[in-house]
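Colleague: Take the sequence shown: its letters are residues 0 to 357, numbered as in numbering that gives the first Met the number 0.
Yeah, the Cβ is synthetic: ideal placement off N, Cα and C, and Gly gets one too.
Every value quoted in this text rests on a predicted model; they were computed, and no experiment measured them.
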Amino acid sequence: MVIVRRVKPLPYWITPILALIVGLLISIIILYGMSGGQTTPYDVLASISYGFVNIGLLAKTFSLLTIVGIGLLVSFKGAIWNIGGEGQFYMGVLVATWIALFSGLAMVGLAAKTAMIILGLLAGAFWALIAALPRAYLGVDEVPITLMMNYIAYYIVDYLSSGAWKERHYGYYRTVTIPQTTWFNPIKIGNIPVTISYELLTILVIVFVGVWLLFKYTSLGLRIKILSSNPDLLRSSGISVPITILLALTISGLIIGIAGASYLAQVSHNISYPVEEKTPVYGYTGILVAWLSMLELFAVPIAAYIMSALYNAGIQMQVIGAGGAAVVNVFIGSILLTYAVLVTTSEYQIRIIRKKKR
0 MVIVRRVKPL
10 PYWITPILAL
20 IVGLLISIII
30 LYGMSGGQTT
40 PYDVLASISY
50 GFVNIGLLAK
60 TFSLLTIVGI
70 GLLVSFKGAI
80 WNIGGEGQFY
90 MGVLVATWIA
100 LFSGLAMVGL
110 AAKTAMIILG
120 LLAGAFWALI
130 AALPRAYLGV
140 DEVPITLMMN
150 YIAYYIVDYL
160 SSGAWKERHY
170 GYYRTVTIPQ
180 TTWFNPIKIG
190 NIPVTISYEL
200 LTILVIVFVG
210 VWLLFKYTSL
220 GLRIKILSSN
230 PDLLRSSGIS
240 VPITILLALT
250 ISGLIIGIAG
260 ASYLAQVSHN
270 ISYPVEEKTP
280 VYGYTGILVA
290 WLSMLELFAV
300 PIAAYIMSAL
310 YNAGIQMQVI
320 GAGGAAVVNV
330 FIGSILLTYA
340 VLVTTSEYQI
350 RIIRKKKR
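(1) Beta-carbon separation of THR174 and TRP164 under 7 Å?
(2) List the whole-angstrom C-beta distance separating ILE255 from GLY77, where the pair is believed to meet the contact cut-off of C-beta under 8 Å.
(3) Does PRO279 come out as helix, strand or coil in the three-state DSSP assignment?
(4) Does the region 240-255 come close enough to the region 129-143 that 3 or more CB-CB pairs lie under 8 Å?
(5) Does the structure place the region 113-133 close enough to the region 213-227 that three or more beta carbon pairs sit under 8 Å?
(6) Measuring alpha carbon to alpha carbon, tell me which of SER161, GLY162, LEU335 and ALA99 ends up nearest TYR283.
(7) Drop a sphere of 10 angstroms on the beta-carbon of THR337, count the other beta-carbons inside from all chains shown, and report buried for 16 or more, exposed for fewer.
(8) Can you tell which of ARG134, PHE330 and VAL342 has the C-alpha that lies nearest to the C-alpha of VAL240?
(9) Roughly how many angstroms separate the alpha carbons of PRO10 and GLY237, rounded to a whole number?
(10) Grab the span of the alpha helix (DSSP H) containing PRO15 for me, first residue to last.
(11) Which of the three DSSP states is assigned to PRO10 in this structure?
(12) Is the beta carbon of MET316 closer than 7 Å to that of LEU64?
(13) Could you tell me which residues DSSP pairs with THR174 in its beta bridges?
(14) Report buried or exposed for GLU276, applying the criterion of at least 16 other Cβ atoms within 10 angstroms of its Cβ.
(15) Evaluate contact between the region 202-219 and the region 79-90, counting only Cβ atoms and requiring at least three cross-stretch pairs below 8 Å.
(16) Where does SER196 fall in DSSP's three states?
This is the structure we're talking about:
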């Protein structure tokens, strides 16, 4: 029995579709078994249907997941595996919280929100740069470094939200709610507010168009794409591979930092302790968004929509008592593992070779 590369790989669009279908089937089996039959396939499918049609919840999650997915796509295009989106996300949340609560800019809402976004992107870029330097100049694998940076970010945020930044009036382990002047302004349909804002929608469009321009018209975008397949070509052309790695990972963190600052201004309005239990795990879910898009920019919103629906389906299952907080992780983990297996089998196949008897 040997593993060989397929002469003709399977069409690239088959992998994400199969990963979703098979991953969901595995999720249903796991949830049914772990609940002793109490969580039925009907409960799961009904919650998923609810997740796909609840536009209010979808808009919020979809926007943030699209931004995170685009950020991860930038580094993944160069085969730089940024698993540290969660840490970069919370660095954006952290500095945005400082701006809103302690900088004194909250009196001028526009100035505060602008500063939150700018410092958020800088914080995300800096957090990614820490992992990019050893990868670029020492050849150290970025996966364990970026993963560990997530937990370092958690500890920093936990330390501040339960200590110096902890609100004192009610005694809850969280920061004070940021002033309403620093909140994003929700879009209203008639008199009904929707869970997306003018600011977040503008940021989403700018990020999408900016990354499209990066890969369509700039030499840096071309260098990042070549980096994944033939870094020796860059070297022979006199282009610095380490600098390209630094830029790819830093831009990735920069975009994710924007998502973190936006999350604070749009959704949470404070930081709750412990953050590792309260996190919406957008940094990890964004990895699946980027992979399901097959690293195609225009497919990222589609993948983000699907994952947003599944994310909201997990929340709905908690509401109806059909599962706990880990339901979302069951969906994500099942699809992610299925995707990893299917990506391999789409390019390789197992052949059984029998020796002929003499």
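Modeller: Straight from the coordinates:
(1) Residue mapping note: residue 174 aligns to position 175 of the sequence shown, counting from 1. Residue mapping note: residue 164 aligns to position 165 of the sequence shown, counting from 1. Closer than 7 Å, so yes.
(2) Taking the first residue of the sequence shown as position 1, residue 255 is located at position 256. Taking the first residue of the sequence shown as position 1, residue 77 is located at position 78. Their Cβ separation, rounded to whole angstroms, is 16 Å, which puts ILE255 and GLY77 out of contact at 8 Å.
(3) Residue numbering aside, residue 279 sits at position 280 when the sequence shown is read from its first letter. The answer is coil: DSSP assigns PRO279 none of H, G, I, E or B.
(4) With three or more CB-CB distances shorter than 8 Å, the region 129-143 counts as touching the region 240-255.
(5) no
(6) Residue numbering aside, residue 283 sits at position 284 when the sequence shown is read from its first letter. The shortest Cα separation from TYR283 among SER161, GLY162, LEU335 and ALA99 belongs to LEU335.
(7) Taking the sequence shown and counting its residues from 1, one reaches residue 337 at position 338. Buried.
(8) Position 241 of the sequence shown, counted from the first residue, corresponds to residue 240. Out of ARG134, PHE330 and VAL342, ARG134 has the C-alpha closest to the C-alpha of VAL240.
(9) One-based indexing of the sequence shown puts residue 10 at position 11. One-based indexing of the sequence shown puts residue 237 at position 238. Using only the alpha carbons, I get a separation of about 35 Å.
(10) To locate residue 15, count along the sequence shown from 1; it is residue 16. Run containing PRO15: 13-33, per the alpha helix (DSSP H) assignment.
(11) Taking the first residue of the sequence shown as position 1, residue 10 is located at position 11. Reduced to three states, the DSSP call for PRO10 is coil.
(12) Locating residue 64 in the sequence shown gives position 65, where the first residue counts as 1. Locating residue 316 in the sequence shown gives position 317, where the first residue counts as 1. The answer is no: Cβ separation not under 7 Å.
(13) In the sequence shown, residue 174 corresponds to position 175, counting from 1. Paired residue(s): LYS165.
(14) Reading the sequence shown from its first residue, position 277 is the one you call residue 276. Around the Cβ of GLU276, a 10 Å sphere holds fewer than 16 other Cβ atoms; the residue is exposed.
(15) no
(16) Position 197 of the sequence shown, counting from 1, holds the residue named residue 196. Residue state, collapsed to three classes: strand.
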